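**Student:** Those sequence lines, one after another, are chains D and L. In terms of my numbering, the first sequence opens at residue 2 and continues consecutively. In terms of my numbering, the second sequence opens at residue 22 and continues consecutively. The beta carbon of each residue, even a glycine, is placed where N, CA and C say it ideally should be. Bear in mind the structure is a predicted one, so any value in this text is a computation, not a measurement. Once you've had a glance at the structure underneath, I'll fire off some questions.
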Amino acid sequence: MDMNEIKEIFFQECEEQLAELESGLLRLNDGDRDPETVNAVFRAVHSIKGGAGAFGLDDLVSFAHVFETTLDCVRSNKLEPNQEVLKVMLKSADVLADLTNVARDGGSVDQARSKQLIRELEALANGTPLPTASAAPAPAVAPKAKPAAPAPVAEAAAPAANDQGFTPVAFSFDDFGGDEPEVSELPAYDIIFKPKSDLYTKGNEATLLLRDLSRLGEMSIHCDMSDLPSLDQLDPEAAYFWWKISLKTDKGEDAIRSVFEFAEWDCDLEVSKVGGEGVVAESDLPMQPVPFDLSALDAESDAPLGVTEEEENLVAQRDEAIAAAETANNVVQMAGNAARAAASDKGAAAAAAQNNAQQASSAAAPTIRVDLDRVDRLINLVGELVINQAMLSQSVIENDANGTSSINMGLEELQQLTREIQDSVMAIRAQPVKPVFQRMARTVREIADITGKSVRLVTEGENTEVDKTVIDKLAEPLTHMIRNAVDHGLETPEKRLAAGKSAEGTVKLTAKHRSGRIVIELSDDGAGINREKVRQKAIDNDLITADANLSDEEIDNLIFHAGFSTADKVSDLSGRGVGMDVVKRSIQALGGRINISSKPGHGSTFTMSLPLTLAVLDGMVVTVAGQTLVVPLTAIVETLQPEAAAIHSFGATQRLISIRNSFCPLVDVGRILNFRSTQANPVEGVALLVESEGGGQRALMVDAIQGQRQVVIKSLEANYTHVPGIAAATILGDGRVALILDVDSVVSASRGQSLQLEASLAAAG
Amino acid sequence: MATKKAAQKSLSLAPVLDLNEASSLRGKLTALRGNNLVVDASAVERVGALCLQVLLAGAKTWEEDKQSFTFAKVSDAFTKTTQLIGINIDHLMAKEI
């Protein structure tokens with residue numbers, strides 16, 4: 002396994018940890034005070050820090066460290082996780098995510114923002130009031146030191162300049178907390194650390210562990226060499242040394258154990274608290290005090306003070322390489338950590354509460370990581386299998402009109418099996434929408450901050466599953482919409498209070514499954530769409546004529562037009578007028594529909610309905626002018642055989658069909674798609690009543706219905722080019738290509754000359 | 022300093038003494054057995070516990086052989102690491118200067 006792969010695994014785990022972190026913080030925000038939630042949050046940050054340290058990602062490590070310290074205060078009940086604290090923490094989680102992304106993809110982060118947050122986190126940890134953005138920097142911020150090991154921040158109790166002029170920056174919050182305890186009053190621990198040979202062969206290094214340990218406080222050490230054989234009997238890769246350590250620290254036993262976190266299965270570790278004063282007591286062994294200044298062991302100490310950023314980067318890169326090489330196995334272990342934790346009885350008995358919790362969570366859902374490409378290949382193959390199975394059935398039927406029942410039964414079973422295989426394979430790709438929803442939480446926070454509005458995001462149905470491709474493409478339009486909802490939808494706190502609402506606006510994001518599709522709803526409790534303003538704007542922009550008679554729904558839908566924006570001022574957030582039409586196009590590109598409903602004074606609701614998968618589709622196979630087309634079943638409300646009496650002419654070319662006392666425009670699909678030049682006789686065909694976006698119903702007229710089946714979607718864009726009115730293609734059982742109808746664009750096109758613009762817009766999308 | 026000048030050999034240690042270096046260090050030391058040895062650790066930037074084990078096993082073996090085993094020059098990193106992990110090498114330091 003090469004280094005990049007290991008790093009990639011680390012980043013994947015980071016993503017999971019960040020999600021865990023955010024959901025934990027949100028739970029805390031909702032008043033959850035379960036210590037396990039706090040632990041989960043702490044663990045997430047801690048794991049990121051540990052992994053980042055192994056790769057020498059120092060920015061990430063130093064930020065995570067400060068974050069972790071503050072979380073530790075919450076964990077030890079020194080800090081009450083109130084709204085103010087959680088606000089800082091949620092922002093810190095965002096910065097941590099940014100830093101992770103930068104570490105993976107390059108780029109830069111907002112330094113000022115992360116520095117400010119570091120100050121705020123420190124203030125929280127110290128119990129001092131939150132500094133404002135303009136406040137002078139706190140005396141000690143994260144040091145520029147770039148050690149290659151998991152605990153880079155020198156925790157020396159007293160800073161001392163070494164002979165290279167490198168001054169380690171003390172990073173104990175006690176320094177500016179005011180009440181720094183006397184060193185001699187610190188609790189003392191006796192630690193026995195006996196590495197096993199595996200510790201070394203797995204790339205761990207006892208010296209590094211001891212160095213990290215020494216940073217926790219004042220340490221004395223005795224190295225037991227009694228096991229050391231003479232040179233000829235020595236196995237150079239076996240462990241002979243073991244250590245008895247006395248450590249005085251206020252960081253607690255957990256901090257000590259966490260130093261050995263990634264090595265604990267490869268060593269015997271005993272940590273015991275010594276009662277009474279922290280003197281190196283009752284030890285008859287010659288203990289050697291460990292000097293505080295261990296900077297010579299850190300690679301960066303070679304670099305003189307005042308190095309340029311470039312040099313620093315070089316050093317950082319080198320550190321990274323060294324650290325990476327050193328701890329390659331370490332990280333592999335990390336990946337397997339959870340599994341091992343569950344397996345190890347010893348671990349269960351000895352590990353700290355932290356590790357126990359890790360076991361619990363790992364036992365819950367055993368998973369494997371699979372390359373998405375592999376899944377896609379499988380899905381594609383299963384698609385071919387379905388087509389092949391259909392072809393086989395068809396040729397059996399054609400060649401053997403009175404086919405024996407055993408063949409038919411076998412074929413039916415095969416059909417069921419393929420269907421089941423297909424469903425199972427699709428389920429592999431299905432993922433909960435939770436990660437996308439969580440990203441929206443961040444968007445809401447940021448926009449709320451910028452606009453000065455107070456917003457609460459409520460999410461529901463986060464575990465609703467949908468195809469990964471859909472999820473990936475959902476984030477962008479959702480972000481747009483959330484921005485719009487907060488920026489345009491919600492009023493300012495003053496206006497809200499004046500309108501008799503609470504100052505805090507609510508944006509609700511829900512997901513649910515409904516008849517084979519996923520429906521995502523985004524609603525706000527703001528002012529609703531200002532129809533007068535929208536209408537006026539549309540008139541100003543020549544989208545409608547001044548005397549156009551539009552229903553409320555039609556006015557609402559105007560905001561989906563390109564170049565439409567009602568914001569008085571163009572802001573950074575939204576209001577560039579490229580928002581909602583882009584959203585609509587993205588949703589349509591996913592085979593989805595978007596609807597809007599708005600109540601003045603009560604807010605707006607956007608409803609998106611999306612297919613669960615982009616790979617298969619249940620369709621009705623129909624014939625139009627000698628061509629075979631597939632109409633997505635989800636669009637069809639009902640099918641009917643028109644009677645001559647029900648058909649009414651309307652204007653020069655339009656026809657209506659009366660269905661149960663209401664009229665519905667009749668659309669000749671063959672005519673719209675230019676399959677034929679003259680209108681077909683409706684009585685000879687079949688009408689499919691479809692519901693298009695915007696709720697309007699149309700009767701699509703086709704010549705005949707062949708049947709209903711699941712088809713595998715083959716992209717037309719990827720293989721040919723976009724065709725207006727056609728969404729995609731498929732291969733039928735007889736091997737012929739059939740086109741899948743884009744119902745919405747056909748309906749749009751049918752609205753006639755006056756809305757030709759919309760037809761071309763839809764086609765462009 | 023060493024007693025028998027005639028049979029004195031020296032060994033310069035590599036800058037990085039990690040897991041990969043432990044076997045070869047043992048090999049080098051074994052090859053030098055029977056001689057008084059001066060180890061030059063001035064170039065060492067990083068030394069792990071395994072190599073320190075090898076070096077200390079060497080010192081022990083040399084002592085059994087009644088030969089001298091001394092560190093001539095040591096780098097800061099080397100000294101600090103030995104201090105960190107609680108190994109006293111004062112008695113192995115060359116006594117001149």
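Am I right that Leu29 of chain D and Leu87 of chain D are in contact with their C-beta atoms under 8 Å? What's the rounded C-beta distance?
**Tutor:** The pair is a contact, with the Cβ atoms about 6 Å apart (cut-off 8 Å).
**Student:** Closer than 7 Å, CB to CB, is Ala158 of chain L near chain D or not?
**Tutor:** Examination of residue 158 of chain L is not possible in this model, given that chain L is present from 22 through 118 alone.
**Student:** Determine the closest residue to Gln680 of chain D out of D:Asn662, D:Val260 and D:Ser650, with distance taken between C-alpha atoms.
**Tutor:** Here the closest residue by C-alpha is D:Ser650.
**Student:** If we ignore side chains and look at the alpha-carbon of each, how far apart do Glu768 of chain D and Ser599 of chain D end up?
**Tutor:** With chain D covering 2 to 766 only, the question about residue 768 of chain D has no answer from this structure.
**Student:** Can a CB atom of chain L be found closer than 7 Å to the CB of Ala134 of chain D?
**Tutor:** Here the model assigns Ala134 of chain D a pLDDT of 45, short of 50, so the residue's position is not dependable, and the following value carries that caveat. For Ala134 of chain D, the answer is no, since every Cβ of chain L falls outside 7 Å of its Cβ.
**Student:** Using CA coordinates, which residue listed in D:Ile10, D:Leu209 and D:Cys224 is at the minimum distance from Ile110 of chain L?
**Tutor:** Out of D:Ile10, D:Leu209 and D:Cys224, D:Cys224 has the C-alpha closest to the C-alpha of Ile110 of chain L.
**Student:** In three-state DSSP terms, what is Ala35 of chain L?
**Tutor:** Coil.
**Student:** With a cut-off of 8 Å, do at least 3 Cβ pairs link the segment 532–541 of chain D to the segment 618–627 of chain D?
**Tutor:** They do not touch, by the three-pair rule.
**Student:** How do the segment 423–441 of chain D and the segment 485–497 of chain D stand: do at least 3 beta-carbon pairs fall below 8 Å, yes or no?
**Tutor:** The segment 423–441 of chain D vs the segment 485–497 of chain D: no contact.
**Student:** Are the C-beta of Ile110 of chain L and some C-beta of chain D separated by less than 7 Å?
**Tutor:** Not an interface residue.
**Student:** Is Arg212 of chain D close to chain L? Criterion is C-beta to C-beta, closer than 7 Å.
**Tutor:** Yes, Arg212 of chain D counts as interfacial toward chain L.
**Student:** Please classify Ser605 of chain D as buried or exposed, where buried requires at least 16 other C-beta atoms within 10 Å of its C-beta.
**Tutor:** That one is buried.
**Student:** Between the segment 495–502 of chain D and the segment 436–450 of chain D, do at least 3 Cβ pairs fall closer than 8 Å?
**Tutor:** Flag = no, the segment 495–502 of chain D and the segment 436–450 of chain D do not touch.
**Student:** May I ask you to report which of helix, strand or coil DSSP gives Val272 of chain D?
**Tutor:** In the structure shown, Val272 of chain D sits in a strand (DSSP, three-state: E or B).
**Student:** Determine the direct distance from the alpha carbon of Ile119 of chain D to that of Lys92 of chain D, and round the result to whole angstroms.
**Tutor:** Cα to Cα, the separation comes out at about 11 Å.
**Student:** Could you tell me whether the Cβ of Lys8 of chain D comes closer than 7 Å to any Cβ of chain L?
**Tutor:** By this cut-off, Lys8 of chain D is not an interface position.
**Student:** Answer with yes or no whether the minimum CB distance from Val95 of chain L to chain D is below 7 Å.
**Tutor:** No, Val95 of chain L does not count as interfacial toward chain D.
**Student:** Taking only three categories from DSSP, how would you classify Val383 of chain D?
**Tutor:** Val383 of chain D falls in the helix class under three-state DSSP.
**Student:** What in chain L is Cβ-close to Leu232 of chain D, meaning under 8 Å?
**Tutor:** Those are Arg47, Leu50, Thr51, Arg54, Val75, Ala78, Gly79, Lys81 and Thr82, listed as they occur along chain L.
**Student:** Are Lys775 of chain D and His66 of chain D touching if we call contact CB-CB under 7 Å?
**Tutor:** Nothing can be reported for residue 775 of chain D, as the shown portion of chain D is limited to 2 through 766.
**Student:** Using a C-beta cutoff of 7 Å, does Thr91 of chain L count as contacting chain D?
**Tutor:** It does not; no Cβ of chain D falls within 7 Å.
**Student:** Return helix, strand or coil for His514 of chain D, following the three-state DSSP convention.
**Tutor:** Strand.
**Student:** Could you spell out where the alpha helix (DSSP H) holding Thr70 of chain D opens and where it closes?
**Tutor:** Counting along the chain, the alpha helix (DSSP H) containing Thr70 of chain D begins and ends at Asp59 to Arg76.
**Student:** Please classify His562 of chain D: does DSSP put it in a helix, a strand, or coil?
**Tutor:** If DSSP states are grouped into helix, strand and coil, His562 of chain D belongs with coil.
**Student:** Beta-carbon of Ala43 of chain L versus every beta-carbon of chain D: anything under 7 Å?
**Tutor:** True, the Cβ-Cβ gap to chain D drops below 7 Å.
**Student:** Using beta carbons (cut-off 7 Å, strictly below), is Leu105 of chain L in contact with chain D?
**Tutor:** Judged by the 7 Å Cβ criterion, Leu105 of chain L is in contact with chain D.
**Student:** What is the residue span of the beta strand (DSSP E) that Ile660 of chain D lies within?
**Tutor:** Its beta strand (DSSP E) spans residues Gln655 to Ile660.
**Student:** How should Tyr241 of chain D be labelled, buried or exposed, when 16 other C-beta atoms within 10 angstroms of its C-beta is the threshold for buried?
**Tutor:** Buried, by the Cβ-count rule.
**Student:** When you compare the CB of Ala19 of chain L with every CB in chain D, is at least one pair closer than 7 Å?
**Tutor:** Coverage of chain L is limited to positions 22 through 118, which leaves residue 19 of chain L absent and any answer about it impossible.
**Student:** Nearest to Leu209 of chain D by CA position, among L:Met114, L:His112, L:Leu113 and L:Leu105, is which residue?
**Tutor:** Closest option to Leu209 of chain D, Cα to Cα, is L:Leu105.
**Student:** Can you tell me where the alpha helix (DSSP H) holding Thr82 of chain L begins and where it ends?
**Tutor:** Note, Thr82 of chain L: alpha helix (DSSP H), Ala70 to Glu85.
**Student:** What are the start and end residues of the beta strand (DSSP E) that includes Lys195 of chain D?
**Tutor:** Where Lys195 of chain D is concerned, the enclosing beta strand (DSSP E) stretches over Ala189 to Pro196.
**Student:** With 16 as the cutoff for other CB atoms within 10 Å, does Ile732 of chain D come out buried or exposed?
**Tutor:** By the neighbour-count rule (16 or more Cβ atoms within 10 Å), Ile732 of chain D is buried.
**Student:** Specify the secondary structure class of Gln628 of chain D as computed by DSSP and reduced to three states.
**Tutor:** The answer is strand: DSSP assigns Gln628 of chain D an E or B state.
**Student:** Going by C-alpha distance, which of D:Ser259, D:Met410, D:Arg672 and D:Leu667 is nearest His47 of chain D?
**Tutor:** The residue with the shortest Cα to Cα distance from His47 of chain D is D:Ser259.
**Student:** Give the C-beta separation of Ala41 of chain D and Gly52 of chain D to the nearest angstrom, bearing in mind that I take them to be a contact with Cβ-Cβ under 8 Å.
**Tutor:** So it is not a contact: roughly 17 Å between Cβ atoms.
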